[in-house]
Amino acid sequence: MMQMIGYEFGKIFHKKIVYGALLFVAFMGLSIYTARGSGMEGVLVDGTYYSGREAVRLNREIAARYGGPVTEEKIREILETYGPDSPDGAFWVVNAAYDTISTFWAENDGSFNGVGVREAFPAYEDQREMVWDYNAGWINFMETGMYTMIFVGCLLVIALSPVFSEEYTRGTDALILTSRYGKGRCAWAKLLASYLFTLLCTGVLLLSISLGFFLDYGLSGGGCSVQLNNHFFLAGTPYFLTSMEAAGLCLLLWVSGSLILTAFTLLISALCRTSFLAVVGALCAYGLPSLFAQFGMPPELFSLNPVWCFLVEQPIMIPKFFGESGTGFSYVWVIAGFALLMTGVSFWLGRRIFAGHQVV
Numbered sequence: 348m349m350q351m352i353g354y355e356f357g358k359i360f361h362k363k364i365v366y367g368a369l370l371f372v373a374f375m376g377l378s379i380y381t382a383r384g385s386g387m388e389g390v391l392v393d394g395t396y397y398s399g400r401e402a403v404r405l406n407r408e409i410a411a412r413y414g415g416p417v418t419e420e421k422i423r424e425i426l427e428t429y430g431p432d433s434p435d436g437a438f439w440v441v442n443a444a445y446d447t448i449s450t451f452w453a454e455n456d457g458s459f460n461g462v463g464v465r466e467a468f469p470a471y472e473d474q475r476e477m478v479w480d481y482n483a484g485w486i487n488f489m490e491t492g493m494y495t496m497i498f499v500g501c502l503l504v505i506a507l508s509p510v511f512s513e514e515y516t517r518g519t520d521a522l523i524l525t526s527r528y529g530k531g532r533c534a535w536a537k538l539l540a541s542y543l544f545t546l547l548c549t550g551v552l553l554l555s556i557s558l559g560f561f562l563d564y565g566l567s568g569g570g571c572s573v574q575l576n577n578h579f580f581l582a583g584t585p586y587f588l589t590s591m592e593a594a595g596l597c598l599l600l601w602v603s604g605s606l607i608l609t610a611f612t613l614l615i616s617a618l619c620r621t622s623f624l625a626v627v628g629a630l631c632a633y634g635l636p637s638l639f640a641q642f643g644m645p646p647e648l649f650s651l652n653p654v655w656c657f658l659v660e661q662p663i664m665i666p667k668f669f670g671e672s673g674t675g676f677s678y679v680w681v682i683a684g685f686a687l688l689m690t691g692v693s694f695w696l697g698r699r700i701f702a703g704h705q706v707v
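Just so we're on the same page, our numbering is the position in the sequence shown counted from 1, plus 347.
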C-alpha cells in the first residue's frame, strides 16, 4: 500500500505545471514576506530614522514604556510625546506605539479626538480591557500567511484536480478499475497521496513563514490585543483576543481551509470526465462561493468556504459560542470540525464515485 501511495504522490508532484505552480507560490510568498518582514519596519528616534531589526528593537523599547491596559491617560501621553509638533513627530512613520494609537484616537493634526477607549471599537463586548504591546511581528505574520495561502489554494486546485479525472481523460480508468486493487487500494492510495501533498505543501509554507517571522521579531508582543494595530486588521473582533491566540487561530484556519479545498477538489475530480472540466469546476468551487458574502449570506455559512478560511478575518470576528463576555469557544473550531467531516466524506464518497465509474 505504501508503494502505491508513493506512486500516486509522484504522479501528482512530477508535473511541469505543478513545478511551475510551486515556484510561483514560493516567489509570491517570498515577495509578500519581504514586503512585511522586519526589513520594512521603521522608527524615528531623536530625529534619526532607523529601519530593519534596529527599528524592531527600538519599537520594542518604546512600547515597553506604555505596555499594559490601554487608558485615556496613556493615549494622551503618546499623542503629546510623539505628535507632529514634538521633536520626534512626523505625519507618517513615527513608532509602533504612536502609529497604532493615532490610528484610532488622533485627529488629522495629531491631537486627541476625544473618543473613549471602548468607543473606538464598537464591536468589542468583552469586559476585559485591551492590552497594548509591540505586536507588529504577529500582525505581519498573519497578513503574510493569509495572502500567501490564497495562492496555495490555486496550487492545490491545479495539482489535485487531475487525480481521478486524468484517468478518465487518458482512458486508463478501464485498466485500473478492472484490476485486482483498482476499486479499493488504488482509490485509497490516490486519496491518501492527495492529502499528503496538501499537508506537505501547507506545512512547509507555514513553517517557513513562522520561522522567518520568529527570527525577525521573536515572540514578544504576543499578549497584545490583536485589535490594536494600524492596519485595522481584526479590529472588529468582539472579544478579548491576544495576538498570539489570533495567530494560532489563523494556523488552524489555514490548515482547515486546505483540507476543505482538497475535499471539494477530489470530489469534483471524481465526478468530471476530463481534466479540463475538473480544473474549471474546482476553480469555480474555490472562488465563486466567496461572492456569497455580497448577497447577505450569514458569515457562519460563507466562512466555511476555503477562501474565507485563508483570509481569516471574518471567521475569527464571529462572536464566540456558548459564553458571555468573551468566554466560550471560537467559530474557528466549528470550521476545523467541518474540515475533518469533509475529509471523511471525500474518502468515502470519492472512492465510491471512482469505483462506480462506468468503464467504456
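For every residue, glycine included, the Cβ atom is placed at its ideal position computed from N, Cα and C.
- In the DSSP assignment, Val626 falls within the alpha helix (DSSP H) that extends over Ser622 to Gly634.
- Taking C-beta atoms under 8 Å as the contact rule, Gly492 and Ile556 qualify, at a distance of about 6 Å.
- Non-local C-beta neighbours of Leu618 in its own chain, meaning closer than 7 Å and more than five positions away in sequence, comprise Ile700, ordered along the chain.
- Judged by DSSP secondary structure, Tyr542 falls outside any beta strand (DSSP E) and instead within the alpha helix (DSSP H) spanning Arg532 to Tyr564.
- Rounded to whole angstroms, the separation of the alpha carbons of Leu596 and Tyr354 is 34 Å.
- Exclusion of the five residues before and after Lys537 leaves Glu355 and Val510 as the residues of its chain whose Cβ lies within less than 6 Å of its Cβ.
- In chain order, Val478, Asp480, Thr589, Ser590 and Met591 place their CB closer than 8 Å to the CB of Gly570, counting only its own chain and leaving out the 5 sequence neighbours on each side.
- Only exposed fits Gln350, as fewer than 16 other CB atoms lie within 10 angstroms of its CB.
- Put simply, the backbone Cα of Val626 is about 38 Å away from that of Gly386.
- Within the model, the alpha-carbon separation for Phe676 versus Pro666 is close to 9 Å.
- Annotation for Arg407: Tyr481, Ser567 and Gly568 place their beta carbon closer than 8 Å to its own, counting only its chain and skipping 5 residues before and after.
- Per the C-alpha coordinates, the member of Asn652, Pro469 and Leu614 positioned closest to Gly604 is Asn652.
- In the DSSP assignment, Val365 falls within the alpha helix (DSSP H) that extends over Lys363 to Arg383.
- Of all alpha-carbon atoms in Val573, Glu419 and Gln661, the one lying nearest the alpha-carbon of Val462 is that of Glu419.
- The shortest CA-to-CA distance from Tyr396 to any of Ala373, Thr495, Asn442 and Phe374 is the one to Asn442.
- Going by C-alpha positions, Val464 is about 27 Å away from Tyr564.
- Excluding the 5 residues flanking it on each side, Val573 has same chain C-beta neighbours closer than 8 Å at Asn482, Trp485, Ile486, Phe580, Leu581, Thr584, Leu588, Thr589, Ser590, Glu592 and Ala593, in chain order.
- A straight line joining the alpha-carbon of Leu648 with that of Phe657 spans about 15 Å.
- For the pair Leu606 and Glu401, the Cα-to-Cα distance works out to about 39 Å.
- Counting other Cβ atoms within 10 Å of its Cβ, Pro662 reaches 16 or more and is therefore classed as buried.
- Shortest Cα-Cα distance from Leu405 to any of Tyr380, Gly367, Phe374 and Ala444 involves Ala444.
- When only Cα atoms are considered, Leu503 and Phe694 end up about 17 Å apart.
- Per the DSSP secondary-structure output, Tyr586 pairs with nothing in a beta bridge.
- Rounded to whole angstroms, the gap between the alpha carbons of Phe560 and Val654 is 23 Å.
- Close CB contacts of Leu599 within its chain, under the 6 Å cut and outside five residues either way in sequence, are with Val679 and Ala683 (chain order).
- Nearest to Tyr380 by alpha-carbon distance, out of Met489, Ile422, Leu614 and Tyr429, is Met489.
- An exposed status is given to Asp456, since fewer than 16 other beta-carbon atoms sit within 10 Å of its beta-carbon.
- For Leu391, no alpha helix (DSSP H) segment is defined; the enclosing uninterrupted segment is the beta strand (DSSP E) at Gly389 to Val392.
- A direct Cα-Cα distance of roughly 15 Å separates Ala686 from Val659.
- Taking a contact as a CB-CB distance under 8 Å, the pair Ser378 and Gly389 does not count as one, their CB atoms being some 19 Å apart.
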